[in-house]
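Read through the structure below, which is laid out as structure tokens, and then see the notes.
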Amino acid sequence: MHADRLDNQTAFDLLAQPEHQRLLYGALKAAHVTRYHPQFDDCVTVAHLTWLSAYQNFEPAIATNLEDFRKYAFCRIKWRTVDYLRKQTLRTSVQVPVENAVMVPITPMLTQETHWHVTDLLNQLAKRCSPEESIVLTELFLAEHSVTEIMQAHSVSRRTVYNWRASLLKKAHQLYQRN
Numbered sequence: 243m244h245a246d247r248l249d250n251q252t253a254f255d256l257l258a259q260p261e262h263q264r265l266l267y268g269a270l271k272a273a274h275v276t277r278y279h280p281q282f283d284d285c286v287t288v289a290h291l292t293w294l295s296a297y298q299n300f301e302p303a304i305a306t307n308l309e310d311f312r313k314y315a316f317c318r319i320k321w322r323t324v325d326y327l328r329k330q331t332l333r334t335s336v337q338v339p340v341e342n343a344v345m346v347p348i349t350p351m352l353t354q355e356t357h358w359h360v361t362d363l364l365n366q367l368a369k370r371c372s373p374e375e376s377i378v379l380t381e382l383f384l385a386e387h388s389v390t391e392i393m394q395a396h397s398v399s400r401r402t403v404y405n406w407r408a409s410l411l412k413k414a415h416q417l418y419q420r421n
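Numbering (our numbering), first residue to last: 243 to 421.
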């Protein structure tokens, strides 16, 4: 980027010329955005900012390569607009419609309370575990090591790790039934 390209006023003065206004709206039209598009105003704003970015990032001297700059700016505006519309579509597709918002439960503490409940159960379970079951609890469930990794680390068979896991799950089930 050239130091003289940081002058935004010069970029917008260049954009103010009628042929460059036609270029900007032509790029929007190429991206299928007309005056009747629901996001027309937003797209025009994106196009203006893209023009500024193209002006600042075009490497050759603009005065001597004006035609190349116009092609560059046209493509940048068109594809930035298409990308903007794609992102807007993705964002709105995952939003809950306003009519259904009343039915969405807002319980911010529910997740925290569930976490506390699980943590409490795990602490109670850890107190009741044998040393072998403690290995399964910490390595298999909390550290997410595989059965093979536990076998190798403790020099036991696969069946032994499965037996430890079964006895741990039995204690966990009994503890969970009490709570």
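Using N, Cα and C, we set each Cβ at its ideal position, and we do this for glycine too.
Query raised in the report: Under the three-state reduction of DSSP, which class applies to M243: helix, strand or coil?
Result: Low local confidence applies: a pLDDT of 45 at M243 is under 50, so the model's placement there is unreliable, with the coordinate-based value given in what follows. It is coil, neither helix nor strand.
Query raised in the report: If you draw a straight line from the alpha carbon of M243 to that of E301, how long is it in whole angstroms?
Result: In this prediction, M243 has a pLDDT of 45, which is less than 50 and means its spatial position is unreliable; nothing more can be read from the coordinates.
Query raised in the report: Roughly how many angstroms lie between the CA atoms of T202 and V275, to the nearest whole one?
Result: It is not possible to answer for residue 202, since the shown part of the chain is limited to 243 through 421.
Query raised in the report: Measuring CA to CA, which of H359, L363, V398 is closest to H415?
Result: Among H359, L363, V398, the Cα nearest to that of H415 belongs to L363.
Query raised in the report: What distance in whole Å lies between the Cβ atoms of G268 and F316, which are believed to be in contact at a cut-off of 8 angstroms?
Result: The pair is a contact, with the Cβ atoms about 7 angstroms apart (cut-off 8 angstroms).
Query - Test item: CB-CB of S372 and S409 under 9 angstroms - result: Against a cut-off of 9 angstroms, the Cβ pair of S409 and S372 comes out as a contact.
Query raised in the report: If you check the beta carbons only, do L266 and L257 fall under 9 angstroms apart?
Result: Yes. Within cutoff.
**Report entry** Among V403, D249, V360, I304, nearest to T390 - alpha-carbon criterion
**Finding:** With distances taken between Cα atoms, T390 lies closest to V403.
**Report entry** Spatial distance of V398 from W406 (CA atoms)
**Finding:** Going by C-alpha positions, V398 is about 11 angstroms away from W406.
Query raised in the report: In the structure shown, what three-state DSSP assignment does P339 receive?
Result: Correct three-state label for P339: coil.
Query - Coil, strand or helix - T276 by DSSP - result: Note: T276 maps to coil in three-state DSSP.
Query - Buried versus exposed, by CB contacts within 10 Å (16 or more), H357 - result: It is exposed - the Cβ of H357 has fewer than 16 other Cβ atoms within 10 Å.
Query - 7 angstroms Cβ shell around A289 - same chain, five flanking residues per side excluded - result: Non-local C-beta neighbours of A289 in its own chain, meaning closer than 7 angstroms and more than five positions away in sequence, comprise L266, A269, L270, I319, T323, ordered along the chain.
Query raised in the report: Whole-angstrom Cβ separation of C285 and Y314, contact assumed at under 8 angstroms?
Result: Here C285 is actually not in contact with Y314; their C-beta atoms are around 19 angstroms apart, not less than 8 angstroms.
Query raised in the report: By DSSP, does S295 sit in helix, in strand, or in coil?
Result: Here S295 carries a helix assignment [DSSP, helix/strand/coil].
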